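This report concerns only the one structure given below.
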Amino acid sequence: GAVVSQHPSWVICKSGTSVKIECRSLDFQATTMFWYRQFPKQSLMLMATSNEGSKATYEQGVEKDKFLINHASLTLSTLTVTSAHPEDSSFYICSATRLAGEGRETQYFGPGTRLLVL
Amino acid sequence: AQSVSQHNHHVILSEAASLELGCNYSYGGTVNLFWYVQYPGQHLQLLLKYFSGDPLVKGIKGFEAEFIKSKFSFNLRKPSVQWSDTAEYFCAVNPAGNAGNMLTFGGGTRLMVKP
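As you go down the protein sequences, you meet chains A and B in turn.
Take 1 as the starting number for the first sequence in my numbering and just add one per residue.
Take 1 as the starting number for the second sequence in my numbering and just add one per residue.
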């Protein structure tokens, strides 16, 4: 299989603190990892695309200084929500691409991290 | 930029009823197509995918989807649903050969199957 884990699964923090979320591909090397945000009763919105060893590519409207992404290895990407505020409360989901051939990559999703900023 | 639309936001069916969830996309080129399922309290799981070849794709748990290029559609079907199919279903698209692999998701369809 292709298993992706996220840690922590949920976190509650005070406004102004920073929160780090880890995304790991457990049994495969991920060429690319993605970070999504899902608001209640809404679809996933892509925040950024992360490639190992290079800077992340952020989607329009996503503040790169607010959401720091580090892709340290082919199995680990981290998302840090800096100086979190209540409006950052959301469900953050990562996915990892398992290379299956050019243009045939499939994304496998982590279980998500629920962030609540008080 | 491509977009994906799922016309049914909520679907309620009785067990053994047939299911068809619509998915249409807008993109002029060749695409890869996916259906993901999210069971209550669980993460997204791949249900099935289409890259090329036979436009009728069979996935897990008795699901299938048909790619109709002329209609830009990739509808999900199941002949007889079960209570355990209660979940949210997402259609997703990315341009074929896209090294970035960015997926564009539809808005999702919440399926409730009554026992």
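Where is the CB? At the ideal position from N, CA and C, for every residue including glycine.
Predicted model, so just to flag it, every value in this text is computed and none were measured.
- When DSSP states are grouped into helix, strand and coil, residue 86/A belongs to the helix group.
- Interface with chain B (8 Å Cβ-Cβ cutoff): residue 76/A is excluded.
- Cα atoms of residue 68/B and residue 80/B: separation of roughly 22 Å, rounded to the nearest angstrom.
- Collapsing the DSSP output to three states places residue 84/B in a helix.
- Here the alpha carbon of residue 77/A sits roughly 41 Å from the alpha carbon of residue 115/B.
- Beta-bridge partners assigned by DSSP to residue 38/B: 44/B, 88/B.
- At a beta-carbon threshold of 8 Å, the residues of chain B lying near residue 108/A are 46, ordered along the chain.
- Look at the beta carbons and you see the segment 72–87 of chain A touching the segment 15–25 of chain A: at least three pairs across the two are nearer than 8 Å.
- A Cβ-Cβ contact shorter than 8 Å links residue 25/A with residue 96/A.
- Residues of chain B whose Cβ lies closer than 8 Å to the Cβ of residue 43/A are, in chain order, 90, 105, 106, 107, 108.
- The closest CA to that of residue 103/B, considering only 5/A, 46/A, 15/A, is found on 46/A.
- By the rule that beta-carbons nearer than 8 Å mark a contact, residue 10/B does not touch chain A.
- Scanning 116/A, 108/A, 113/A, 117/A for the CA closest to the CA of residue 32/A turns up 108/A.
- In the displayed model, residue 70/B falls within a helix according to three-state DSSP.
- Between residue 117/A and residue 9/A a beta carbon distance of about 16 Å is seen, past the 8 Å cut, so the two are scored as non-contacting.
- In this structure, 105/B is the residue among 112/B, 113/B, 105/B with its C-alpha nearest to the C-alpha of residue 5/B.
- Assignment of residue 66/A by DSSP, reduced to helix, strand and coil, places it in the coil class.
- An exposed status is given to residue 3/A, since fewer than 16 other beta-carbon atoms sit within 10 Å of its beta-carbon.
- Each of 70/A, 85/A, 63/A was checked against the Cα of residue 94/A, and the nearest Cα belongs to 70/A.
- For the segment 41–72 of chain B, the set of positions with a beta-carbon nearer than 9 Å to some beta-carbon of chain A reads 42, 43, 44, 45, 46, 49, 51, 52 in chain order.
- Excluding its 5 nearest sequence neighbours in each direction, residue 10/B has C-beta neighbours in its own chain below 6 Å: 110, listed in chain order.
- Comparing alpha-carbon positions, the option among 58/A, 110/A, 54/A lying closest to residue 6/A turns out to be 110/A.
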